[in-house]
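One structure is given below, encoded as structure tokens.
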Amino acid sequence: MNTPTPTPFQLLVRKLRQVEIRMLKAVDAQLQGNFRSVFKGTGLEFDDVRLYQYGDEVRAIDWAVSSKGHGTFIKTYKEEREQQVLLLFDVSASQKVGAAGLRKLDVGREICGILALAAARQDAQLGILAFSDQKELYLAPGKGVRHAYSLIKRLFALEPQSGQTDVGGGIKQALGLLKRRSIILLISDFIDGSYERELTMLARKHDLVVVQLLDQREQEFPPLGIVPLYDQESGRTLWTNTSSAAFRARYRATYEQNRDQISQICRRHRTEYLSIATNADYVPQLIRLFRRRNLRSGRA
24 MNTPTPTPFQ LLVRKLRQVE IRMLKAVDAQ LQGNFRSVFK GTGLEFDDVR LYQYGDEVRA
84 IDWAVSSKGH GTFIKTYKEE REQQVLLLFD VSASQKVGAA GLRKLDVGRE ICGILALAAA
144 RQDAQLGILA FSDQKELYLA PGKGVRHAYS LIKRLFALEP QSGQTDVGGG IKQALGLLKR
204 RSIILLISDF IDGSYERELT MLARKHDLVV VQLLDQREQE FPPLGIVPLY DQESGRTLWT
264 NTSSAAFRAR YRATYEQNRD QISQICRRHR TEYLSIATNA DYVPQLIRLF RRRNLRSGRA
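Count along the sequence shown from 1, add 23, and you get the number used in our numbering.
Printed below as a string of structure tokens:
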């Protein structure tokens, strides 16, 4: 009896599952069996009030309840158990830079797919907002394997309608969609000049993780002499001497400035930052990221 040939979608899911299992096993081993979930929150949510006791912090007093005259009450909190997760993914034209199958867009899609499968396994609510300078795809947070497969299928079939970038605009869309505190994974190359204000708002309201995708070609452009260079986002072609020292220095400086800008913003707001090169194995970096999150929240 002949075995049916797997469809491209089945092959894709199989690959993502293998990477997901590798990632979760490695994290679990590093945390010596105490790894609970990559999607547990790092914050607290309001639980109840109780009477003030000597030694309690004054700033924990619930003045609204206490003003009713039945005593002084303080707010109590519990660890956030079930989190809503949103993948905020930049799919603008600059994400298409890179070798076939290893473009920033390809790596970003794989990371989103792996996290969708992990969320289904852990019964977490996960959704996605893919953006350029407009909303390209939105799937509200949901649970289960069927939801994860739908997300993966739609994301990998997505052909963005616009090539332009607006990271700040994408963040604004997310802020408008989210009604409660959530874990946000913002995935972009951040080749955009104006997004700090919106990123600050996102970091203050949500548990934010920033993932910057980088390609080696953006760091060192090959010296090819005078060649036509096409800007995918502006649609313009310019003849450029790629071997000149001035061009190469300017190119390198732009790359470094772009990387430094987002990392500094994240440091200022104590936001988790991860840079992933498309020619490197991203799994160990994701493992370290989730391990840090679990250690910081006291779950290791």
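Heads up, the beta-carbon is just placed ideally off N, CA and C, and yes, glycines get one too. If you're wondering where the values come from, they're calculated on a predicted model, not measured in any experiment.
How many Å lie between Y75 and G92 at the Cα? 13 Å
Would you mind working out which of P251, G167, N281, V250 sits nearest F213, comparing C-alpha positions? N281
Given a cut-off of 8 Å on the beta-carbon distance, is the pair S205 and G186 in contact? no
Could you check the C-alpha separation between V250 and K127 for me, to the nearest Å? 23 Å
Quick one, are the C-beta atoms of V234 and L149 less than 8 Å apart? Contact annotation: V234 and L149 have beta-carbon atoms that are not nearer than 8 Å.
Among D129, R311, Y161, which has the Cα closest to the Cα of K119? D129
Helix, strand or coil for I390 per DSSP? Because the chain is modelled from 24 through 323, residue 390 falls outside the range shown and cannot be assessed.
Taking C-alpha atoms, which residue in L47, S211, R315, D304 lies nearest to S117? Among L47, S211, R315, D304, the Cα nearest to that of S117 belongs to S211.
To the nearest angstrom, how far is it from the Cα of V42 to the Cα of I137? 7 Å
Once the 5 residues before and after I97 are set aside, which same chain residues still bring their CB inside 7 Å of it? V72, R73, Y75, D79, A83, I84, D85
Would you check if there are 3 or more beta carbon pairs closer than 8 Å linking the segment 258-265 to the segment 159-174? no
Counting only the same chain and skipping the five closest in sequence on each side, list residues whose C-beta sits under 6 Å from that of I285. Correct list, in chain order: F213, Q235.
For V36, count neighbouring Cβ atoms within 10 angstroms of its own Cβ and tell me buried if that reaches 16, exposed if not. buried
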